[in-house]
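Visitor: Quick one: the structure is below, and I'll ask about it shortly.
Protein chains in written order, with our numbering: chain A, -2 to 277; chain B, -2 to 277.
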């Protein structure tokens, strides 16, 4: 069996930057998980004393608070400032962009439409910047009932699929006089998705490594499933099952933007071991 | 054989308005054909003395000049003003809209992209309002070589198909940080197209009545051809051939936005005559 790692996979710029910030701010408190990868946040806790606390009003005044990569709602930022916390902003710059767009476009009177999951922390942070209530839609079905203005500004959660974003844009273009479309899907997401698509088309088993609560990992998994029936989403090497690989010829591996290389390496090592021990 | 006229067909608001203006300005000179229908412009000539002259510098000073529905380039307008012509502006308001958008968006520094045929008078008029050279593309193939700015404003020729407009929009959304999409396809075009699509799906012969140089008529014809193999584009009733209707059960009829009702009536009458004379 041939094992191939997707050309583009794993850590993106924003995640790398956030981890560096956390490592250089020992004993900092993150506002919710810094990234959606439990094994990595656990590593940061054990090695650098980085803890998690989503209840901002409980964080002692004057603490060193690290903003998670997904950003936080605008009013939470104000809460932290009011409590005179030392703020280390690890919000991914790709998330800061839609935040700013929401603010300026709603200031200019545009109806804001966010393509994303209303429960995802990134979307919660982005929507908080709109000065008027934004429309948030994770699927086309969530749009038709929405009242639309003549002038609409559209942004996307950074980790969404571009094809789905197009569908939302088309729906709006059909109905509104002007649609300002800001393609805020981040490059790393897009590149990882393209590589995963290509690799899964040429594999008979695909392993997607990443957090089950990670939006971009879930998107990768969905793309792989479309192309390769034997696709599996795992968080760590110990979830692998040797029988998955029986009679398989081409194994593809990809990983979400919040999956550290050490987890990917462990996964690859275990699969290699299956091969050498002839378990597969 | 059952004969059905498309629910929405023929004259649009802009054409009706232009003809009214021409009829109330006898002996006026139009800047090129007022509308893309030779039989109707001939009627205006014989009944109201409306003539056509595209060479604006040849029109005697102080003449009554009627601007065609498709608009004219901005500098031509200035020529007319300089020659102190009496200007009657029959530019369709749906064309004035993209003209204004091109002007204001290029003023704001956006790269203008016009989805349309560069040789069409409407597109020539619209593009003349851009302060920086616009990109004009009639198909996707005309886009890739174009250099795109980060911020792009997209308008459409009023008579294009919405599905093709979406494709151009997608291409730009994929490549540009911001795309301001102005859906300038006019309602009448859209409604006529939807009706033609629906009717041609339920017909085994489709007659499209309109000028061969009329953009919206050509679009209707293309839509009908996609749904019904026996589709014919005619300018007048005398082009009909009885043998087209042999063994046909459902005949659909539609007409372009510049096709007057009297031509459509003549077409329907002739088909009815085929039926009653049992030629069919």
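Don't be surprised by glycine CBs; every beta carbon is placed ideally from N, CA and C.
Reducing DSSP to helix, strand and coil, say where residue 203(B) ends up.
Guide: Reduced to three states, the DSSP call for residue 203(B) is strand.
Visitor: Output the distance between the C-alpha atoms of residue 41(A) and residue 229(A), rounded to the nearest integer angstrom.
Guide: Spanning the two alpha carbons is a distance of roughly 26 angstroms.
Visitor: Closest by CA to residue 181(B), which one among 150(B), 201(B) and 197(B)?
Guide: Looking at the Cα atoms, 150(B) is the closest of the given residues.
Visitor: Can you give the Cα-Cα distance for residue 135(B) and residue 7(B), rounded to whole angstroms?
Guide: Cα-Cα distance, rounded: 24 angstroms.
Visitor: Are the C-beta atoms of residue 174(B) and some chain A residue less than 8 angstroms apart?
Guide: By this cut-off, residue 174(B) is an interface position.
Visitor: For the region 28 to 97 of chain A, which segments carrying the beta strand (DSSP E) assignment without a break, of at least 3 residues, lie completely within its bounds, in sequence order?
Guide: 61 to 64 and 83 to 86, all fully within the region 28 to 97 of chain A.
Visitor: Quick one: which chain B residues come within Cβ less than 9 angstroms of residue 166(A)?
Guide: Neighbours of residue 166(A) on chain B, chain order: 163, 166, 167, 170, 176 and 178.
Visitor: Hey, does residue 159(B) have any beta-carbon neighbour from chain A nearer than 8 angstroms?
Guide: Chain A, which has a Cβ nearer than 8 angstroms to the Cβ of residue 159(B), makes this yes.
Visitor: Measure the C-alpha to C-alpha separation of residue 80(A) and residue 71(A) and round it to an integer number of angstroms.
Guide: In a straight line, the C-alpha of residue 80(A) is about 15 angstroms away from that of residue 71(A).
Visitor: Can you tell me which of the three DSSP states residue 177(B) falls into?
Guide: Three-state result, residue 177(B): strand.
Visitor: Quickly, what does DSSP pair residue 216(B) with across the bridge? List them, please.
Guide: Answer is none; residue 216(B) lacks a bridge partner.
Visitor: Under the rule that 16 or more other beta-carbon atoms within 10 Å means buried, what is residue 32(A), buried or exposed?
Guide: Counting Cβ neighbours within 10 Å, residue 32(A) comes out buried, since at least 16 surround it.
Visitor: Note down, in chain order, each residue of its chain lying with its Cβ closer than 6 angstroms to the Cβ of residue 132(A), except the 5 sequence neighbours on either side.
Guide: So the qualifying residues of the chain are 110 and 143.
Visitor: Looking at C-alpha atoms only, which residue of 57(B), 104(B) and 44(B) is the closest neighbour of residue 23(B)?
Guide: When each option's Cα is compared against that of residue 23(B), the closest is 44(B).
Visitor: Mind the definition here: the region 244 to 262 of chain B touches the region -2 to 7 of chain B only if three or more C-beta pairs lie below 8 angstroms; say whether that holds.
Guide: With the cut-off at 8 angstroms, the region 244 to 262 of chain B and the region -2 to 7 of chain B touch.
Visitor: Does at least one heavy atom of the ligand NAD sit under 7 angstroms from the Cβ of residue 59(A)?
Guide: Although the ligand NAD was asked about, the structure shown includes no ligands whatsoever.
Visitor: Since residue 178(A) and residue 178(B) should fall inside the 8 angstroms C-beta cutoff, what is the C-beta to C-beta distance between them, to a whole number of angstroms?
Guide: Indeed, because the Cβ distance is near 6 angstroms, the residues count as touching under 8 angstroms.
Visitor: What first and last residue would you give for the alpha helix (DSSP H) that runs through residue -1(B)?
Guide: Taken as a continuous stretch (DSSP letters only), residue -1(B) belongs to no alpha helix (DSSP H), being part of the beta strand (DSSP E) at -1 to 2.
Visitor: CA-CA distance, residue 112(A) and residue 233(A)?
Guide: The alpha-carbon atoms of residue 112(A) and residue 233(A) are separated by roughly 30 angstroms.
Visitor: Since residue 238(A) is in the alpha helix (DSSP H), which residue starts that stretch and which ends it?
Guide: From DSSP, residue 238(A) is part of no alpha helix (DSSP H); its letter is neither H nor E.
Visitor: Take residue 210(A) and list the residues in its own chain whose beta-carbon comes closer than 7 angstroms to its own, dropping the five residues that flank it on each side.
Guide: So the qualifying residues of the chain are 33.
Visitor: In angstroms, rounded to a whole number, what distance separates the CA positions of residue 28(A) and residue 59(A)?
Guide: Roughly 15 angstroms between the two C-alpha positions.
Visitor: What does a CB cutoff of less than 8 angstroms around residue 92(B) pick up in its chain, not counting 5 residues either side in sequence?
Guide: So the list reads 11, 66, 67, 68, 119, 122, 123 and 155, once near-sequence residues are dropped.
Visitor: Between 137(B), 106(B), 84(B) and 242(B), which lies nearest to residue 63(B) when the distance is taken from Cα to Cα?
Guide: Considering only alpha carbons, the answer is 84(B).
Visitor: Considering only residues of the same chain and omitting the five flanking positions on each side of residue 102(A), which have a CB-CB separation below 7 angstroms?
Guide: Result list for residue 102(A): 109, 150 and 177, in chain order.
Visitor: Rounding to the nearest angstrom, what Cα-Cα distance links residue 193(B) and residue 259(A) in this structure?
Guide: Whole-angstrom Cα-Cα distance: 60 angstroms.
Visitor: Helix, strand or coil for residue 151(B), going by three-state DSSP, please let me know.
Guide: Looking at residue 151(B) - three-state DSSP - the assignment turns out to be strand.
Visitor: Could you give the first and the last residue of the continuous alpha helix (DSSP H) run that contains residue 11(B)?
Guide: Where residue 11(B) is concerned, the enclosing alpha helix (DSSP H) stretches over 10 to 20.
Visitor: Is the distance from the Cβ of residue 207(A) to the Cβ of residue 255(A) below 8 angstroms?
Guide: Yes. Within cutoff.
Visitor: Starting from the C-beta of residue 128(A), find all residues in its chain whose C-beta is less than 8 angstroms away, skip the five residues before and the five after it, and write them out in chain order.
Guide: Closer than 8 angstroms at the Cβ level, and outside the excluded window around residue 128(A), lie 100, 103 and 104.
Visitor: Applying the criterion that 16 or more other CB atoms from any shown protein chain within 10 Å of the CB defines a buried residue, is residue 244(A) buried or exposed?
Guide: By the 10 Å Cβ count, residue 244(A) comes out exposed.
Visitor: Could you give the distance in angstroms between the alpha-carbon of residue 145(B) and the alpha-carbon of residue 13(B)?
Guide: When rounded, the distance between both Cα atoms is 38 angstroms.
Visitor: Using DSSP's beta-bridge definition, name the partner residues of residue 231(B).
Guide: In the DSSP output, where bridge partners are listed per residue, residue 231(B) has 206(B).
Visitor: The beta strand (DSSP E) spanning residue 251(A) covers which residue range?
Guide: First-last of the beta strand (DSSP E) with residue 251(A): 247 to 252.
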